[in-house]
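Novice:
There are 2 protein chains.
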Amino acid sequence: MKNLLQDRDAWSMENCSIARAFELIGTRSAILVLREAFLGARRFDDFARRAGIGEPAVAARLRELTADGLLERVPYREAGQRTRYEYRLTGKGRALLPIITALRDWGDAWAAGPEGPPVQSVHRGCGAPVHARLVCDHGHDVGPGELEAHAGPGLIEAHRR
Amino acid sequence: MKNLLQDRDAWSMENCSIARAFELIGTRSAILVLREAFLGARRFDDFARRAGIGEPAVAARLRELTADGLLERVPYREAGQRTRYEYRLTGKGRALLPIITALRDWGDAWAAGPEGPPVQSVHRGCGAPVHARLVCDHGHDVGPGELEAHAGPGLIEAHRR
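Chains A and B, in that order, give the protein sequences.
Under this note's numbering, read the first sequence as residues 1 to 161, first letter to last.
Under this note's numbering, read the second sequence as residues 1001 to 1161, first letter to last.
1. Measuring CA to CA, which of R1094(B), G1093(B), Y1087(B), W1110(B) is closest to G93(A)?
2. As a quick exercise: from P56(A), R35(A), R61(A), pick the residue whose alpha carbon is nearest that of R50(A).
3. Just tell me which of I100(A), T66(A), I156(A), A10(A) has its CA closest to the CA of D1046(B).
4. Just how far apart, CA to CA, sit G139(A) and A151(A)?
5. For chain A, is any of its Cβ atoms less than 7 Å away from the one on G1116(B)?
6. Which of helix, strand or coil does DSSP assign to R1161(B)?
7. Residues bridged to R133(A) by DSSP?
8. On the DSSP letters alone, give me the boundaries of the beta strand (DSSP E) that R84(A) sits inside.
9. Is R1050(B) helix, strand or coil when you go by DSSP?
10. Closest by CA to L96(A), which one among A21(A), L5(A), D7(A)?
11. The stretch 75-97 of chain A: which residues have C-beta closer than 7 Å to a C-beta of chain B, in chain order?
12. Between S1012(B), Q1081(B), G1143(B), which has its C-alpha nearest V130(A)'s C-alpha?
13. Residues in the same chain with beta-carbon distance under 6 Å from E148(A), minus the five sequence neighbours each way, listed in chain order, please.
14. Which residue from S1017(B), E1146(B), I1099(B) puts its Cα closest to that of G116(A)?
15. Locate the alpha helix (DSSP H) running through S17(A), then write down its first and last residues.
16. Under 7 Å, Cβ to Cβ, is there at least one residue of chain B near S121(A)?
17. Less than 7 Å separating the beta-carbons of A132(A) and P98(A)?
18. Can you find a CB in chain B that lies within less than 7 Å of the CB of F47(A)?
19. Between the stretch 46-68 of chain A and chain B, which residues of the former have a C-beta closer than 9 Å to a C-beta of the latter?
20. Since R104(A) and Y85(A) are thought to touch, with beta carbons under 8 Å apart, how far apart are those beta carbons, to the nearest angstrom?
21. By the three-class DSSP mapping on this structure, what secondary structure does R1073(B) have?
22. Between R1161(B) and the rest of its own chain, which residues show a CB-CB distance below 6 Å, the 5 nearest in sequence each way excluded?
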């Protein structure tokens, strides 16, 4: 298979998956709302208290993330109150965990204060720290210099200029 | 060790590594410039041609990413021309690859068109596709429901309201 990196101008980035993913989750407030969802927040008040971005931004992000299928709205009702809604991660939303974890790993390594990272994510049961790592389908750890880019089924050839 | 998820209001997010990482790389144009750096771009013209975000945005992002230590400026000179600079990923910049890969994985799975992902990232040598996966330091694959959050050295306790 041809390594696309050898002729980068031969293919187009118009359907780039990185850009598409970033379009859906690439605002600071969306990331903070998603972080709180992974930390267990479900109700508006919990998101608002913990995300630190103001209630209007929380409301807007919850609405957008629900419309994009990353969260789902589930009704609940406490005694004597009207029906309200809580927000739960869908499968599409839960699949963002490697992105959130990779951001945390990098922030821990390169942007934490002198006291060190605030939180460690660990594997329940075995207790070992969890990280987002590059692994190939044969199970090898992969370093940054060991990657090639090959054509996928959706590759669009570029119009040469 | 205590699972912090059981009392989320007991600790503060003010030094959150996810937010800090996102502050440095969390604009669409920064992600696209970094993508091109990982794909091999070094010179301004290459970034500008491939990132698709306009020359002023490319120039601004290259300047910021260099100031933040993710890229380094290296002089080069072609025969008969003045000295110019190219941009190379530093160690701090190369360490972003799991984030970029996790974004690509998610976009491939959840945001690609019906024709499928445009590009496949493969392990040089073994040829197997590469993904960003959650792995614990004991080598176990970790699913979204198998995580606990434990206090790190920089944990800041929250002021209760």
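Just so you know, even glycine gets a beta-carbon here, dropped at the ideal spot from N, CA and C.
Specialist: Considering the structure as presented:
1. Numbered from its first residue, the first sequence carries residue 93(A) at position 93. Out of R1094(B), G1093(B), Y1087(B), W1110(B), W1110(B) has the C-alpha closest to the C-alpha of G93(A).
2. Position 50 of the first sequence holds residue 50(A). Cα-wise, what sits closest to R50(A) is R35(A).
3. Within the second sequence, the letter at position 46 stands for residue 1046(B). Ranking I100(A), T66(A), I156(A), A10(A) by CA distance to the CA of D1046(B) puts A10(A) first.
4. Here the question's residue 139(A) lines up with position 139 in the first sequence. Here the question's residue 151(A) lines up with position 151 in the first sequence. Roughly 22 Å separates the two Cα atoms.
5. If you number the second sequence from 1, residue 1116(B) lands on position 116. Yes, because at least one Cβ of chain A sits closer than 7 Å to the Cβ of G1116(B).
6. In the second sequence, counting from the first residue as 1, residue 1161(B) sits at position 161. Since pLDDT at R1161(B) reaches only 49, below the 50 mark, its modelled position is unreliable, and the value read off the structure follows with that caveat. In the structure shown, R1161(B) sits in coil (DSSP, three-state: anything other than H, G, I, E or B).
7. Position 133 of the first sequence, counting from 1, holds the residue named residue 133(A). Paired residues: R1133(B).
8. Along the first sequence, one-based indexing puts residue 84(A) at 84. Start and end: 84-89.
9. By one-based count along the second sequence, residue 1050(B) stands at place 50. When secondary structure is reduced to three states using DSSP, R1050(B) falls in the helix class.
10. Counting from one through the first sequence, the residue named residue 96(A) turns up at place 96. For L96(A), the nearest C-alpha among the options comes from A21(A).
11. K92, R94, A95, L96, L97
12. Taking the first sequence and counting its residues from 1, one reaches residue 130(A) at position 130. The option with the nearest alpha carbon to V130(A) is G1143(B).
13. Here residue 148(A) corresponds to residue number 148 of the first sequence, with the count starting at 1. If we look at E148(A) and ignore the five residues flanking it on each side, its Cβ neighbours are N3.
14. In the first sequence, counting from the first residue as 1, residue 116(A) sits at position 116. For G116(A), the nearest C-alpha among the options comes from S1017(B).
15. Taking the first residue of the first sequence as position 1, residue 17(A) is located at position 17. Note, S17(A): alpha helix (DSSP H), 17-25.
16. Here the question's residue 121(A) lines up with position 121 in the first sequence. Interface with chain B (7 Å Cβ-Cβ cutoff): S121(A) is included.
17. Walking along the first sequence from the start, residue 132(A) turns up at place 132. Walking along the first sequence from the start, residue 98(A) turns up at place 98. With contacts defined as CB atoms closer than 7 Å, A132(A) and P98(A) qualify as a contacting pair.
18. Position 47 of the first sequence, counted from the first residue, corresponds to residue 47(A). Not one chain B Cβ lies under 7 Å of F47(A).
19. Those residues of the stretch 46-68 of chain A that come within reach of chain B (Cβ to Cβ, closer than 9 Å) are D46, R49, R50, A51, G52.
20. Residue numbering aside, residue 104(A) sits at position 104 when the first sequence is read from its first letter. Residue numbering aside, residue 85(A) sits at position 85 when the first sequence is read from its first letter. Between R104(A) and Y85(A), the beta carbon gap of about 28 Å keeps them out of contact (Cβ cut-off 8 Å).
21. Along the second sequence, one-based indexing puts residue 1073(B) at 73. Three-state DSSP puts R1073(B) in a strand.
22. Mapped onto the second sequence, residue 1161(B) falls at position 161. Caution is warranted here: a pLDDT of 49 is assigned to R1161(B), below 50, making its placement in the model unreliable, and no coordinate value can be reported.
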